[in-house]
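Protein chains in written order, with this note's numbering: chain A, 2 to 254; chain B, 18 to 147.
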Amino acid sequence: MARIGRYLAVIPAYNESETVVGVIRSLRRHAPSFDVLVVDDGSTDDTGPLAEQAGACVLRLPYNVGIGGAVQSGFTFALDNGYERMVQVDADGQHMPEEIAVLADVMDRDPAVDLVCGSRFLSDNGYPAPISRRTGIHIFAFLLSKIVGQPVSDPTSGFRLYNRRGIALFARDYPHDYPEVEAVLMVHFHRLTMREVPVRMLERGGGESSIGGSGKSAYYMIKTLLAIFVGLARRRPVVEPGDDAPVRTGYGF
Amino acid sequence: MEPRIQIVSVVASGLLLLGVLELVRQRRLLERYAILWLFSALVLMGVAISSQVLETIAELVGIIYPPNALFLVAFGFVMLLLLHFSIAVSRLADQSKVLAQRLALLEERQGRAEATLDESPTAPLEQTVR
């Protein structure tokens, strides 16, 4: 696929062969100004070849590195190839490409905005999520709103549009597992500007969520809470150019 | 339980807790690997503070001197942590093997592409790579 555009849509995909082609087609129809990059996160099915056939550019990771690492390779790709904006879209068909225009509109109107996040909870649309998951999301939303001093309603949403500054920040440093909540915190600490807009989200078309069963959910909650509170104690929460590496080998150990 | 043992074990587990948190703060330990450490430190501290829990554990497994049960609990966590690391190391070994293989394949492919390019510099790159 020709890489000529200024905008990039990144689809992180792990074993999403059922839905990824539909998402790519829908993107090309509803957001034709976006080049499409699928990051195949070590899928064991034919997600990668199907995406390539559907006309997407595909980065094939040699093994599963998790959602954070997969999305970060999208940021790096966007940075290296000079894209001005990058939108992240889930491969499961949850996010609707026709709503990318809604996100982009916020950025068009206010050039100071670095990140636009699609939120399920800003409009009363009856998002079909189990109560346990919604409770978890609302706990994070409450904590983050207090910390960043602006209302955050859907910090786990992966439907996000970034400008060049956002791309550069996250290409340098992006959380490992379950990155969305921490990313909101990083945006705040780095004095970037974030906005939320109401979007509709559909139920998953197939495959399995990165936030799987109850054991994983518990790990997700604990890991994210730990990251939030330890993040607060860091003098400089985000690595700046010239700093030490994001994960250090340390001295003498 | 004798207060000296209790003080030592509470202080030791407290130091472990703070040390792990500090390592996470300095970004030298990933949250993924910190969680089991934090859990171990918290449980050890809880057991050290409440001598009643320790006595119950001691009685359950037939330990006459309750503070020895502290060693049992700590040993259990050490085993758990070691197993956790063995699993992590196995995964890393597997991943670095895959990386090495992919790199070798890539080098071979690049070498072939360069060789064909030298032979016929006018041929479009598209065909030579395929």
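Cβ atoms here follow ideal geometry from the backbone N, Cα and C, with glycine treated the same way.
Listed along the chain, the chain A residues whose CB falls inside 8 Å of the CB of residue 42/B are 231, 234, 235. For residue 51/B, the closest Cβ of chain A is nearer than 8 Å. The three-state reading of DSSP puts residue 86/A in strand, counting E and B together. Taking 8 Å as the CB threshold, residue 221/A stays off the interface with chain B. For residue 62/B, the three-state secondary structure derived from DSSP is helix. Under the three-state reduction of DSSP output, residue 109/A falls in the helix class. In this structure, residue 97/A sits near residue 201/A, with a CB-CB distance shorter than 8 Å. Here residue 195/A is not near residue 170/A, since their CB atoms are 8 Å or more apart. Here residue 222/A carries a helix assignment [DSSP, helix/strand/coil]. Chain-order list of chain A residues neighbouring residue 37/B: empty, with the shortest C-beta distance near 10 Å, by a criterion of under 7 Å. For the set 34/B, 42/B, 24/B, 38/B, the Cα lying nearest the Cα of residue 235/A is the one of 42/B.
Residue 224/A is classed as buried because its beta carbon has at least 16 other beta carbons within 10 Å across all chains shown. Per DSSP, residue 216/A has no beta-bridge partner at all. Among the residues of chain A, those whose CB is under 7 Å from the CB of residue 119/B are 63, following chain order.
Among the residues of the segment 176-199 of chain A, those with a Cβ less than 8 Å away from any Cβ of chain B are 177, 178, in the order of the chain. Taking a C-beta distance under 8 Å as the contact criterion, residue 59/B and residue 35/B do not qualify as a contact pair. When DSSP states are grouped into helix, strand and coil, residue 187/A belongs to the helix group. The segment 151-166 of chain A and the segment 104-124 of chain A touch, with no fewer than 3 CB-CB distances between them shorter than 8 Å. For the set 178/A, 193/A, 192/A, 190/A, the Cα lying nearest the Cα of residue 220/A is the one of 178/A. Distance from residue 199/A to residue 120/A at the Cβ level is roughly 6 Å; contact confirmed, criterion being Cβ atoms closer than 8 Å.
Residues of the segment 66-98 of chain A with a Cβ closer than 7 Å to any Cβ of chain B: none. Between residue 184/A and the set 40/A, 203/A, 10/A, 149/A, the nearest pair of CA atoms involves 149/A.
Here the alpha carbon of residue 95/A sits roughly 19 Å from the alpha carbon of residue 55/A. Less than 8 Å separates the beta-carbon of residue 145/A from that of residue 182/A. Apart from sequence neighbours up to five positions away, the residues of its chain that approach residue 90/A with a beta-carbon distance below 6 Å are 10, 12, 96, ordered along the chain. Residue 60/A has a beta carbon lying at 8 Å or more from every beta carbon in chain B. For residue 228/A, the nearest CB of chain B lies under 8 Å from its own CB, placing it at the interface with that chain.
Taken through DSSP and simplified to helix, strand or coil, residue 71/A comes out as helix. Here the alpha carbon of residue 77/A sits roughly 28 Å from the alpha carbon of residue 107/B. Between the segment 38-45 of chain A and the segment 64-81 of chain A there are three or more C-beta pairs closer than 8 Å, enough to call the two in contact. When the Cα atoms are used, residue 197/A and residue 83/B turn out to be separated by approximately 56 Å. Counted as a single uninterrupted DSSP element, the stretch harbouring residue 97/A is not any beta strand (DSSP E), since DSSP gives it neither H nor E. Excluding residues up to 5 positions away in sequence, 115, 116, 166, 167, 170 lie with their Cβ nearer than 8 Å to the Cβ of residue 193/A in the same chain.
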